[in-house]
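Q: Here it is, the structure in full.
Residue numbers (the working numbering), protein chains in the order written: chain S, 328 to 547; chain C, 328 to 547.
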């Protein structure tokens with residue numbers, strides 16, 4: 328790695344970007360051209376200083392009394408996240424969580440194209456969830472032979488998450504969005520983003536504690 | 328607020344706490360008494376300096392060559408998150424996402440007790456999801472009259488999220504864990520934690536960009 332290119336970034340900023348994008352796309356749809364820091368702060372329920380720091384990271388600066396150009400800001404956020412190009416994905420495990428993710432229609436706007444869905448449950452295979460046909464996991468090697476997807480969205484039970492991961496890696500998947508509550512062992516060139524649903528509950532709990540005792544201020 | 332009591336905290340640390348807790352509880356179950364920073368760092372896939380900083384925030388310090396006492400660390404993390412006591416909750420919206428959350432059996436260990444589940448879909452009302460009977464949303468005022476739950480887990484479509492929130496607030500709910508992709512307007516004394524599923528995708532995307540270009544280092 329080239330040390331001179333290093334920028335240390337904060338994950339809360341990255342996690343906020345889709346919310347900015349969501350709102351900016353809606354504003355663009357209704358014909359709005361510019362947006363102020365204050366409007367963004369109101370929507371995000373965070374301080375305007377935080378908003379300004381977030382936006383500055385995308386390389387965009389606002390103009391006094393005019394604010395940010397919405398169209399340029401959308402482009403900058405997409406570039407910042409690498410969402411200006413399409414990323415192909417597969418989803419493994421069409422249970423409740425998998426179905427919820429397949430129903431999330433904003434992913435298309437974020438450049439995520441879920442091309443295949445796999446499960447091992449014979450009752451599910453052959454059915455569709457949100458227009459995605461569910462394929463047998465045993466077919467995965469054949470389906471991925473030509474062109475494996477970039478991302479696998481892992482929605483399987485924790486007990487089988489590692490063996491499914493091994494299968495995915497063996498067939499060329501390089502990035503895993505892991506919703507199973509387990510740490511995955513992968514080769515060094517495979518990227519894993521682990522989602523821990525209880526992380527949000529932890530945030531809420533600390534805010535509740537804060538409200539009772541005024542002990543903490545959370546920087547998020 | 329008493330400024331002298333202020334501590335500014337980092338949300339990534341708070342979000343990581345349930346993962347530490349998850350692993351420590353498992354280690355305790357198999358009879359392990361102590362854990363080293365290195366073991367925790369290996370499990371979490373983060374640097375040991377980050378682990379040490381995280382743990383220090385709970386007020387626990389390790390002993391050289393012995394590490395942390397697992398039982399004390401579990402107690403400290405629970406205290407840090409306010410999870411040593413039970414928090415009552417209701418879940419609104421028993422669709423795919425709501426069902427996934429109801430199936431997450433670790434919440435009990437985190438002190439979250441989901442007491443009621445509401446929906447407006449007459450096909451769902453009267454059925455059960457993971458042993459929770461689904462009640463008609465119209466019954467909510469009666470059910471909450473005596474003793475409203477502390478937390479509402481909001482899994483309804485974005486279009487109705489604000490009206491359901493107004494109903495919840497009117498009936499005494501003070502904390503909302505919001506999975507609807509929308510900003511909620513609430514009175515000042517009501518706490519909202521918004522979950523944005525695409526936030527995790529943003530993290531994964533930046534890591535993928537990083538791997539390609541070595542431009543960024545994410546601090547998470």
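For glycine and all other residues, C-beta sits at the position ideal for the given N, C-alpha and C. Values in this document were obtained by computation on a predicted structure and should not be read as measured data.
Decide if residue 450(S) is buried, meaning its Cβ has at least 16 other Cβ atoms within 10 Å, or exposed.
A: Numbered from its first residue, the first chain carries residue 450(S) at position 123. It is exposed - the Cβ of residue 450(S) has fewer than 16 other Cβ atoms within 10 Å.
Q: Taking residue 521(S) as the reference, give the member of 479(C), 423(C), 370(C), 518(C) with the closest Cα.
A: Here the question's residue 521(S) lines up with position 194 in the first chain. That would be 370(C), whose Cα lies nearest to the Cα of residue 521(S).
Q: Which first and last residues belong to the alpha helix (DSSP H) in which residue 520(S) is found?
A: As a working mapping, residue 520(S) is identified with position 193 in the first chain. Per DSSP, residue 520(S) lies in no alpha helix (DSSP H); the unbroken beta strand (DSSP E) holding it starts and ends at 518-521.
Q: Would you identify the three-state DSSP class for residue 552(C), choosing helix, strand or coil?
A: Because chain C here runs from 328 to 547, residue 552(C) falls outside it and cannot be looked at.
Q: Does the segment 469-487 of chain S touch the segment 485-493 of chain C, meaning 3 or more C-beta pairs lie closer than 8 Å?
A: no
Q: Let's test the definition: count the other Cβ atoms within 10 Å of the Cβ of residue 342(S) and tell me whether it reaches 16, buried, or not, exposed.
A: Translated into positions along the first chain, residue 342(S) becomes position 15. By the neighbour-count rule (16 or more Cβ atoms within 10 Å), residue 342(S) is buried.
Q: Can you tell me the Cβ-Cβ gap for residue 525(C) and residue 347(S), rounded? I've got them flagged as a contact below 8 Å.
A: What you label residue 525(C) is simply residue 198 of the second chain in a count that begins at 1. What you label residue 347(S) is simply residue 20 of the first chain in a count that begins at 1. Contact flag wrong, Cβ pair sits at about 11 Å.
Q: Please list the segments of the alpha helix (DSSP H) lying wholly inside the segment 382-413 of chain S, counting only runs of 4 or more residues, in order along the chain.
A: With a minimum length of 4 residues, the continuous alpha helix (DSSP H) runs that stay inside the segment 382-413 of chain S are 397-408.
Q: For the beta strand (DSSP E) that contains residue 445(S), what are its first and last residues?
A: What you label residue 445(S) is simply residue 118 of the first chain in a count that begins at 1. Per DSSP, residue 445(S) belongs to the beta strand (DSSP E) from 439-446.
Q: Among the residues of its own chain, which have a CB less than 8 Å from the CB of residue 354(C), if the five just before and after it don't count?
A: As a working mapping, residue 354(C) is identified with position 27 in the second chain. Correct list, in chain order: 362, 397.
Q: Using a Cβ cut-off of 7 Å, which residues of the segment 512-533 of chain S contact any Cβ in chain C, in chain order?
A: 518, 520, 522, 523, 524, 525, 526, 527, 528, 529, 530, 531, 532, 533
Q: Given residue 430(S), which residues of its chain have a CB within under 6 Å of its CB, disregarding the five upstream and five downstream residues?
A: On the first chain, position 103 is the one that residue 430(S) refers to. Only 457 meet the Cβ criterion.
Q: For residue 334(C), which of helix, strand or coil comes out of DSSP?
A: Within the second chain, numbered from 1, the residue matching residue 334(C) stands at position 7. Low confidence applies here, because residue 334(C) scores a pLDDT of 46, under 50, leaving its location unreliable; read the following figure in that light. In the structure shown, residue 334(C) sits in coil (DSSP, three-state: anything other than H, G, I, E or B).
Q: Please list, in chain order, all residues of the same chain as residue 446(S) whose beta carbon is under 7 Å from its beta carbon, the five residues on each side excluded.
A: What you label residue 446(S) is simply residue 119 of the first chain in a count that begins at 1. So the list reads 420, 421, 452, 461, 464, once near-sequence residues are dropped.
Q: Go to residue 368(S), then tell me how far its alpha helix (DSSP H) extends in each direction, as first and last residue.
A: The sequence position of residue 368(S) within the first chain is 41, counting from 1. Per DSSP, residue 368(S) belongs to the alpha helix (DSSP H) from 364-371.
Q: Bridge partners for residue 478(C) per DSSP, in chain order?
A: As a working mapping, residue 478(C) is identified with position 151 in the second chain. Answer is 416(C), 502(C), bridged to residue 478(C).
Q: Please check if any C-beta of chain C sits within less than 8 Å of the C-beta of residue 478(S).
A: Position 151 of the first chain, counted from the first residue, corresponds to residue 478(S). It does; some Cβ of chain C falls within 8 Å.
Q: Which residues in the same chain as residue 404(S) place their Cβ atom closer than 7 Å to its Cβ, once the five residues preceding and following it in sequence are excluded?
A: Position 77 of the first chain, counting from 1, holds the residue named residue 404(S). 344, 347, 348, 385, listed in sequence order.
Q: Whole angstroms is fine: what's the gap from residue 439(S)'s alpha carbon to residue 536(S)'s?
A: If you number the first chain from 1, residue 439(S) lands on position 112. If you number the first chain from 1, residue 536(S) lands on position 209. Straight-line Cα distance between these residues: approximately 37 Å.
Q: Can you give me the start and stop residues for the alpha helix (DSSP H) that residue 461(S) sits inside?
A: Against the first chain, residue 461(S) aligns to sequence position 134. Counting along the chain, residue 461(S) falls outside any alpha helix (DSSP H), though it belongs to the beta strand (DSSP E) covering 459-463.
Q: Taking the beta carbon of residue 476(S) as the centre, do at least 16 other beta carbons fall within 10 Å, making it buried, or is it exposed?
A: As a first step, residue 476(S) is located in the first chain; it is residue number 149 there, counting from the start. Note on residue 476(S): 16 or more other CB atoms within 10 angstroms of its CB, so buried under the neighbour-count rule.
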